[in-house]
Structures are given as structure tokens and as C-alpha cells.
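Enquirer: Quick note on numbering: the sequence shown equals residues 840 to 967 in the working numbering. Note that beta-carbon positions come from the ideal geometry of N, C-alpha and C, so glycine has one too. Note that the coordinates shown come from a computational prediction; the quantities given were computed from them, not determined experimentally. Have a look at this one.
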Amino acid sequence: MGHVKGIGGLFFRARDPEALNAWYRDRLGVGGGISADDSAPVNQWVWTVTGGPLVFSPFKADTDYFPADRQYMINLRVDDLDAVLAPFRAAGEEVITKTEWDDPSVGRFARVHDPEGNPIELWEPPAK
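Structure, rendered in C-alpha cells:
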């Protein structure tokens, strides 16, 4: 039997896909033509990521962990939460943090929203 090795893509609807792609590239360094691995070649269609943990977890339909009008929330693993949040703060965009989200055994979390209102959870795993 074959085995799934990871997520191969994330596809979602957008009112303005080009503008949203640009925002993700500019704010988060995410999307085609971006590589989180300096040794990997850049491909215009692929965002090359580094290996690490990924949580795949459906939530109850009435969860309040993310907005009720959204079917998903993307969680992005980051290496330096404060540095990743800096461009959001510099642009005057809302950054949500809550002390109850952070746990030394799990890591630190913050929440931002893209220009179309989609929630993005940023997760800095604990140092090894």
C-alpha cells in the first residue's frame, strides 16, 4: 500500500486571487516562487517548505477557535514568531495573541487575517 507523504497543496477561493497571492508572498513569504529551504531550487508554481510537524484535525462545526463563517483556518509553522509578526505590526494590521494559547511544551501562537478575512494561525514550536 502507498503512503501519503504530506500535503501537496492548499487551494481555496478568493475574490482577487492575484492580490491575495501577492499579500501572502509579501507578508509571509508563502506561495509559488518562494523557498523556505535555501538549498532548494525556486519553482514559480511551488512553495518549497522545510520538513516538520503538521497537525491535521477537523474541529466541531460549532467551534469558536476560528470564525463561524469560515470553513478552515490555516496554521503556518514559523521559526521566529516576533520577526514574522513585525511586517503586520508595521503595516498597522491586527495581530491577536492570547497568553492561554501559549504553552512551553507546545509553543507560541498568534492570529492574523488575510485581506479577505481568512484566519491564519502562526505557530512557533518550542525550541528543541
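So what's Phe898 in DSSP terms, helix, strand or just coil?
Expert: Looking at Phe898 - three-state DSSP - the assignment turns out to be coil, as it is neither helix nor strand.
Enquirer: Use the C-beta contact count for Leu849: other C-beta atoms within 10 angstroms, 16 or more gives buried, fewer gives exposed.
Expert: By the neighbour-count rule (16 or more Cβ atoms within 10 Å), Leu849 is not buried but exposed.
Enquirer: At the level of alpha carbons, what is the spacing between Pro943 and Gly841?
Expert: About 36 Å.
Enquirer: Cα separation between Asp921 and Ser874?
Expert: Their Cα atoms are separated by approximately 20 Å.
Enquirer: In three-state terms, what does DSSP make of Thr938?
Expert: Thr938: helix per DSSP, three-state reduction.
Enquirer: Under the DSSP definition of a beta bridge, which residues are partnered with Pro958?
Expert: In the DSSP output, where bridge partners are listed per residue, Pro958 has His952.
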